[in-house]
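> Chains as they are written, first to last, in this note's numbering: chain A, 263 to 460; chain B, 263 to 460. All C-beta atoms, glycine included, are put in the ideal place defined by N, C-alpha and C. These numbers were taken from a predicted model, which means no experiment stands behind them. Pasting a structure here, questions to come.
Protein chains: 2
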Amino acid sequence: MASQEIDALAQALSKLPGLGPRSARRVVLHLMKKRETVLRPLLRALEQVEQRLVVCDICGNIDTGNPCGICVDPRRDTRSICVVEDVPDLWALDRSRLFPGKYHILGGRLSALDGVRPEDLNIDGLIARVAAGGVDEVVLAMNATLEGQTTAHYLAERLEEYPVRLTQLAHGVPVGGELDYLDDGTLAQALRARRPVG
Amino acid sequence: MASQEIDALAQALSKLPGLGPRSARRVVLHLMKKRETVLRPLLRALEQVEQRLVVCDICGNIDTGNPCGICVDPRRDTRSICVVEDVPDLWALDRSRLFPGKYHILGGRLSALDGVRPEDLNIDGLIARVAAGGVDEVVLAMNATLEGQTTAHYLAERLEEYPVRLTQLAHGVPVGGELDYLDDGTLAQALRARRPVG
């Protein structure tokens with residue numbers, strides 16, 4: 263005789279990635295037991311996200327404004343656009359503070375397996391930004407996976423007709439990485455792209 | 263440059279059982295993308311639970327009223343109390359509609375490994391209910407695990423001095439269970455407790 267409220271919450275939770283019906287019930291119980299320390303903070307955080315966050319119409323970033331903080335920032339170089347698969351990739355790249363330009367979020371990667379086609383991604387938006395002019399460089403910063411690289415190749419073809427420089431992230435030994443633990447593909451790329459010392 | 267709202271939500275989510283920091287971020291992104299179909303329903307369900315559900319002071323059940331619907335139900339037999347480890351056990355037992363009495367939720371099981379001692383469970387509440395009189399039977403419906411059975415034995419000792427009948431759930435072949443797939447312990451119990459046919 264679980265109450266209707268509990269059933270509704272368990273159902274809502276079971277729609278989250280990684281939570282099935284059984285673990286959703288476990289989460290409900292945890293939330294009930296830790297009402298002050300877990301349920302309330304989660305509720306407030308969800309409210310804030312629901313009320314304040316919007317998707318940027320220009321680049322697809324998620325922020326408190328539309329256009330987003332990056333798109334309206336006058337100090338950022340509009341001539342360079344870094345294309346990423348999803349928002350967390352933008353977060354990761356921007357933490358480095360090394361890229362001075364703007365971003366464009368595809369919202370995924372091409373995948374025959376998952377049935378993701380070009381029209382499912384925000385590719386037209388990217389083409390429109392490039393076609394509008396004023397863009398010198400497009401960084402194709404997809405993941406170094408098969409699907410990511412397929413997506414990068416597809417974008418390269420679509421952007422061929424525009425006078426922009428296409429670049430990609432360098433492959434190589436990660437900082438702190440031990441050679442012995444690296445896969446052969448990365449090692450080969452690092453060797454091929456070796457640079458003079460000093 | 264993830265916004266503060268996203269960080270706060272990811273942190274709140276990472277406190278749920280089964281979600282680490284990385285999967286919490288994945289959930290945040292999913293919530294952002296499915297604002298209408300996932301985020302809003304989850305928010306409403308959490309609000310309902312936060313505003314409407316309370317813990318019953320008598321039995322520890324979670325319901326919209328305190329005392330809970332079962333404790334105040336005049337059709338239920340107050341002479342019989344079924345003791346369970348946690349609220350989902352009550353839900354599971356009550357779905358059978360075969361137990362006509364009241365419940366008592368311990369809020370866990372004794373566990374040397376997890377450092378759960380008798381004073382961490384709602385055992386005093388149970389003793390007080392039995393000591394108040396009017397109770398004929400206490401069903402010790404702990405899980406059939408080592409810790410569950412340890413808890414049942416402890417409760418049996420504590421309740422020894424009161425004039426109540428202590429019972430436990432029958433062990434045996436689950437309905438629909440194939441003998442070949444059952445563990446030997448269950449089979450032995452089922453054989454020992456065999457009953458005349460018809």
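Inspect the beta-carbon positions of B:Leu275 and B:Val345 and report whether they are closer than 7 Å.
No, these two residues do not count as a Cβ contact at 7 Å.
> List the whole-angstrom C-beta distance separating B:Leu417 from B:Ile385, where the pair is believed to meet the contact cut-off of C-beta under 8 Å.
Between B:Ile385 and B:Leu417 the Cβ distance is about 7 Å, and since that is below 8 Å, they are a contact.
> Suppose contacts are defined by Cβ-Cβ distances below 7 Å. Is A:Glu399 in contact with A:Arg420 by that definition?
No, Cβ-Cβ distance for A:Glu399 and A:Arg420 is not below 7 Å.
> Note down, in chain order, every chain B residue with its Cβ under 7 Å from the Cβ of A:Pro380.
Going along chain B, no residue has its Cβ under 7 Å from A:Pro380, so there is no contact; the nearest lies around 19 Å.
> Spell out whether any CB of chain A is found under 7 Å from the CB atom of B:Leu326.
According to the sequence as given, residue 326 of chain B is Thr; it is not Leu. At least one chain A Cβ lies under 7 Å of B:Thr326.
> Do you know how far the Cα of B:Gly363 is from the Cα of A:Trp353?
Computed Cα separation, rounded: 56 Å.
> For the candidate residues B:Val437, B:Leu375 and B:Gly434, whose alpha-carbon lies nearest to that of B:Leu408?
When only C-alpha atoms are compared, the closest one is B:Leu375.
> Looking only at its chain, what residues have a beta carbon closer than 8 Å to the beta carbon of A:Asn328, apart from the 5 residues adjacent to it on each side?
Val316, Val317, Cys318 and Asp319.
> Can you tell which of A:Leu441, A:Met404, A:Leu271 and A:Asp325 has the C-alpha that lies nearest to the C-alpha of B:Leu305?
Selected option, being the one with the closest Cα: A:Leu271.
> Check each candidate in A:Ile268, A:Pro303 and A:Arg454 and name the one with the smallest Cα separation from B:Asp325.
Nearest of A:Ile268, A:Pro303 and A:Arg454 to B:Asp325, Cα basis: A:Ile268.
> Taking the straight line between their C-alpha atoms, what separation do you get for B:Cys333 and B:Tyr365?
One C-alpha to the other measures close to 8 Å.
> Secondary structure at A:Asp335, three-state DSSP: helix, strand or coil?
If DSSP states are grouped into helix, strand and coil, A:Asp335 belongs with coil.
> Identify every residue that forms a DSSP beta bridge with A:Thr429.
Its beta-bridge partners are A:Val401.
> Please say whether B:Val435 and B:Ala452 have beta carbons closer to each other than 7 Å?
Closer than 7 Å, so yes.
> Only counting runs of 4 or more residues, tell me where the alpha helix (DSSP H) segments fall wholly within the stretch 362-427 of chain A, in order along the chain.
Segments of the alpha helix (DSSP H) lying fully in the stretch 362-427 of chain A: 385-393 and 408-421.
> Tell me A:Cys344's beta-bridge partners as DSSP assigns them.
For A:Cys344, which the question treats as bridged, DSSP gives the partners A:Tyr365 and A:Val401.
> What does B:Ile277 reach in chain A if we use C-beta pairs closer than 7 Å?
The identity of residue 277 of chain B in the sequence shown is Lys, whereas the question assumes Ile. Result: Val300.
> With which residues is B:Asp325 paired in a DSSP beta bridge?
Partner(s): B:Val316.
> Take A:Ala406 as the anchor and find which of A:Val397, A:Pro425, A:Gly395 and A:Gln430 has the nearest alpha-carbon.
Measuring from the Cα of A:Ala406, the nearest candidate turns out to be A:Gln430.
> Taking only three categories from DSSP, how would you classify A:Gly447?
Note: A:Gly447 maps to helix in three-state DSSP.
> Counting only Cβ pairs nearer than 8 Å, list the residues of chain B close to A:Met294.
In chain order: Val311, Leu315, Val317, Ile324 and Val349.
> When the Cα atoms are used, what is the spatial distance from A:Pro350 to B:Ala286?
Going by the C-alpha atoms only, they are around 12 Å apart.
> What first and last residue would you give for the alpha helix (DSSP H) that runs through B:Pro283?
Element bounds for B:Pro283: Pro283 to Lys295.
> Please classify B:Gly447 as buried or exposed, where buried requires at least 16 other C-beta atoms within 10 Å of its C-beta.
Classification of B:Gly447: exposed, given that the 10 Å Cβ count is below 16.
> As a quick exercise: from A:Thr340, A:Leu291 and A:Leu301, pick the residue whose alpha carbon is nearest that of A:Gly396.
Nearest of A:Thr340, A:Leu291 and A:Leu301 to A:Gly396, Cα basis: A:Thr340.
> Give the secondary structure of A:Glu440 by DSSP, where H, G and I count as helix, E and B as strand, and everything else as coil.
Reduced to three states, the DSSP call for A:Glu440 is coil.
> Closer than 8 Å by C-beta to B:Glu381: which residues in its own chain qualify, once you throw out the five before and the five after it? Chain order, please.
Answer for B:Glu381: no residue qualifies.
> In chain A, which residues lie with their C-beta within 8 Å of the C-beta of B:Val345?
Residues of chain A passing the Cβ test: none, with the nearest at roughly 17 Å.
> Using 8 Å for Cβ pairs, my map puts A:Val289 next to B:Pro303. What's the rounded Cβ distance?
Not really, about 15 Å apart at Cβ, beyond 8 Å.
> Quick one, which of A:Phe361, A:Leu383 and A:Asp356 has its alpha-carbon nearest A:Gly410's?
Nearest of A:Phe361, A:Leu383 and A:Asp356 to A:Gly410, Cα basis: A:Leu383.
> Is any beta-carbon of chain B found at less than 7 Å from that of A:Leu308?
By this cut-off, A:Leu308 is an interface position.
> Comparing the C-beta of A:Ala274 with each C-beta of chain B, is any distance below 7 Å?
A:Ala274 counts as touching chain B.
> Along the alpha helix (DSSP H) that carries A:Glu298, what are the first and last residues, could you check?
That residue, A:Glu298, is in no alpha helix (DSSP H); it is neither H nor E in DSSP.
> Taking just the CA atoms, how far does A:Met294 sit from A:Arg357?
C-alpha separation (whole angstroms): 36 Å.
> Could you check which residue in A:Pro458, A:Ile343 and A:Arg454 has the C-alpha nearest to that of A:Ala432?
When each option's Cα is compared against that of A:Ala432, the closest is A:Arg454.
> Identify the contact partners of B:Pro303 in chain A, using a Cβ-Cβ distance below 7 Å as the criterion.
Here the neighbours are Ala274.
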